[in-house]
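Read the structure below first, then the notes.
Below, the structure written as structure tokens:
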């Protein structure tokens, strides 16, 4: 008996090792272009056609005299707004679509797949036509609304999956205990949905911050996003300055991740002291 | 029982208040920003191009007839093949990774998921051009191989279907890991234990228990990877050396270059129908409640 | 819970703030002191724009396009009124003018209009010069690396020689490739004849066998990296390639070369039309234009008075100082109307072959 347990243990360990190695390889694949991008941000060739020599000058330019930063701020503002709006509408929308019956439910469920399925150019042009018909000015607000449009379906898909696998009895218990629907939703349902909401935020932010085709069609004056600017730079060669900016962004994110785990560790310690106050 | 009587007595507005409050905003948004523009796209797909590239508003079926030409079917078939290949590889790479991440404590898992996503917060064009830099005639790979004497002349590493698939994978992998992780993470581990206790080996457990239980994640992955890679055009154009024509580029050309919006619209509708039918067949076969309610 | 509440309040605050910021942003477009330009990126000197802003007190906002087609799509969809100046290319002018998408430009009040070369006044699509003022011109040349080029090139037909297999880097696009083929075959480069277009397709099939890289944005990079020895590229790309490989030469062809012109137009409903005209006037001033060119924008300019003021570093640059016999034997892209559908079909066929 002891022997069998030992064998299973050993098998499990070798399986875990294989999984770790495989995951590392996949991570390497994901990070390969990033590493190339970082290396070439130090390239002394202004159009980044080939490796010419090592230089820091693009970072200097980035921090002293760069117009790229302003486009980054526009992109970030749009992505944050689009994420907040689409996650709010999408989350409560998914709840409504899963829990209630209403006449146009099938129509809405079908419509949700269209932004996923439709080629981006077509959605871009169709939204441009919509804005023009409604006489809405192109620009930041127009881009945010376009991004919300293609983010909502992803949020709903993720949240619906989450809701479908959720144990409803906890909510029922809350209602039995006298809480009304809103309180139950806010205090019971929502906390259980947190992992899904986080994935939705990730997804929406990722889709929004990198969108170029749709933004391009609905952008107006003073609303050039970073991807749109970068795409327009391809014409004259992508300067290593663009790589430098992307490198700084990655560095900030990874630093943020490290800081976050530090604060979490501290918070966790504190939380252990007052678990009671959570509910 | 008491509950149903109460609902019957309430006015329509009060009875539907929870539904309106929750599903109302999303319904409104979908109707205004998706269905209205879609109606426009459907309408123009039955029109034709006028001499100056505008739309001639007379009804015709010519666009739909035209796209049944072998030429366009060939483009569609090739796009389809590349998208299927991309999706399969994404699943093969993404599933084990998602499984690995899901097996970690939740704080670590969250961080690993972040690590998967972070590269995608930089610009996708810059990432794609990294492959062009890497594989260029005088790029690092060729230079290295020349230096060690493995080759005598630089290799043509770029501008092929293969590198286009690598590009599509780069663009799509996180979108496969996320839904897979979400559903694997939800997996009730005791069921796996039970399966093992009943004598099933690891592979059988995986095939008979894990896969069916994580099907929503797999479907989500197919949805989020297959469909966008079918319509994506900037990856093939950045990496294909301008010699790979996929349906995304074809549709883009109709709208922008040829200014034949009606034909572009009808191609787009064909693409949408194709994917919806595929999803429908898929959900019938796999009988998934979640997706079934679409139809 | 407290943390969550604080988060929600913060998010709500950010949302409200950014919406008011958006509202504020769109309201100052009404201000008369602005000029919204939609054009190529990195195509105009910053000092040049600063000087204009200083002289007139007008604030210039740039938006960047990725293709002329995109700009045209935005104008035809009705979004043109967001901008005061847009830069499509000459091939799109007929459809924009005929479609009524443009404002007339009042050239009579522009004192520098006289400096625009006569060849660019009263062109066939715009006989009274009411709609378009050219900015820069782009030739498409056949460029080669004398060290590695396997054969001498004297005509487009030479490019079909099997010796060039995998040696050509080329601009892409229906209306760049087909006119070359039609010219090579001795037809009108803007042909609308189906049989001729089909023949051009046959010609391009052979051309494609020799082409390694096809891209209208950065075809020159294969000339720089040494991947290709011949390029069918814009003169601007040629200029960029010369920075790294000064040995490149332009082939002296018996065929005509293709010329495209980047035009400034004022879209219908532009809110700051007077400012747009002030800008065009400023741009046409020879000294201003010369300064713009000398600040790293070495393109061919339709303003001879400005070119005169430039240094030799521009005038004698290899991509600008092209022999007259090459430069003056050119053709333009014209609107081909419904034949575009035929072109598109053959172009799609060309690209879907293995």
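Residue numbers (our numbering), protein chains in the order written: chain A, 1 to 279; chain B, 280 to 574; chain C, 575 to 928.
All C-beta atoms, glycine included, are put in the ideal place defined by N, C-alpha and C.
If you measure from the beta carbon of residue i to each beta carbon in chain A, is any gap under 9 Å?
i                      : result
residue 750 of chain C : no
residue 638 of chain C : yes
residue 441 of chain B : no
residue 554 of chain B : yes
residue 346 of chain B : no
residue 461 of chain B : yes
residue 919 of chain C : no
residue 647 of chain C : yes
Leaving out five residues before and five after residue i in sequence, what residues of the same chain have Cβ atoms less than 8 Å from its Cβ?
i                      : result
residue 684 of chain C : 851, 854, 855, 858
residue 820 of chain C : 892
residue 184 of chain A : 171, 174, 175
Taking 9 Å as the threshold (beta carbon to beta carbon), is residue i in contact with chain B?
i                      : result
residue 603 of chain C : Any reading at residue 603 of chain C is ruled out, since the residue's pLDDT is 42, under 50, leaving its predicted position unreliable.
residue 192 of chain A : no
residue 716 of chain C : no
residue 15 of chain A  : yes
residue 740 of chain C : yes
residue 915 of chain C : yes
residue 99 of chain A  : yes
Considering only DSSP beta bridges, list what residue i is partnered with.
i                      : result
residue 663 of chain C : C/836
residue 507 of chain B : Beta-bridge pairing links residue 507 of chain B to no other residue.
residue 609 of chain C : C/634
residue 327 of chain B : B/335
residue 711 of chain C : C/835, C/874
residue 716 of chain C : C/806
residue 906 of chain C : C/833
Got a sec? Which residues, its chain only, sit under 6 Å from residue i by beta carbon, not counting five neighbours each side?
i                      : result
residue 446 of chain B : 407, 514, 518
residue 238 of chain A : 48
residue 746 of chain C : 788, 789, 790
residue 150 of chain A : 115
residue 216 of chain A : 228
residue 527 of chain B : 510, 511, 512
So for residue i, helix, strand or coil by DSSP?
i                      : result
residue 701 of chain C : coil
residue 536 of chain B : coil
residue 921 of chain C : helix
residue 278 of chain A : Residue placement at residue 278 of chain A cannot be trusted, given a pLDDT of 42 that sits under 50; the coordinates are not used to answer.
residue 100 of chain A : coil
residue 745 of chain C : coil
residue 806 of chain C : strand
residue 676 of chain C : strand
residue 786 of chain C : strand
residue 820 of chain C : coil
residue 438 of chain B : coil
residue 929 of chain C : Residue 929 of chain C lies beyond the range of chain C shown here (575 to 928); nothing can be said about it.
residue 267 of chain A : helix
residue 841 of chain C : strand
residue 593 of chain C : Note that residue 593 of chain C scores a pLDDT of 46, beneath 50, so its modelled location is shaky and nothing firm can be said.
residue 43 of chain A  : strand
residue 56 of chain A  : coil
residue 351 of chain B : helix
If the cut is a Cβ gap below 7 Å, which residues of chain F does residue i touch?
i                      : result
residue 224 of chain A : The structure shown contains no chain F; its protein chains are A, B and C.
When the cut-off is 9 Å and only beta carbons count, does residue i lie next to chain C?
i                      : result
residue 359 of chain B : no
residue 260 of chain A : no
residue 231 of chain A : yes
residue 307 of chain B : no
Can you tell which of the options has its C-alpha closest to the C-alpha of residue i?
i                      : options                    : result
residue 433 of chain B : B/414, B/525, B/556, B/460 : B/414
residue 795 of chain C : C/822, C/702, C/770        : C/822
residue 723 of chain C : C/737, C/714, C/746        : C/737
residue 103 of chain A : B/354, B/403, B/299, B/468 : B/299
residue 320 of chain B : B/459, B/557, B/561, B/546 : B/546
residue 302 of chain B : A/181, A/100, A/125, A/51  : A/100
residue 495 of chain B : A/163, A/59, A/262         : A/163
residue 442 of chain B : B/410, B/402, B/453        : B/410
residue 816 of chain C : C/912, C/755, C/882, C/799 : C/799
In its own chain, which residues sit with a C-beta less than 7 Å from the C-beta of residue i, not counting the 5 before and 5 after it?
i                      : result
residue 810 of chain C : 712, 873
residue 830 of chain C : 757, 903, 904, 905
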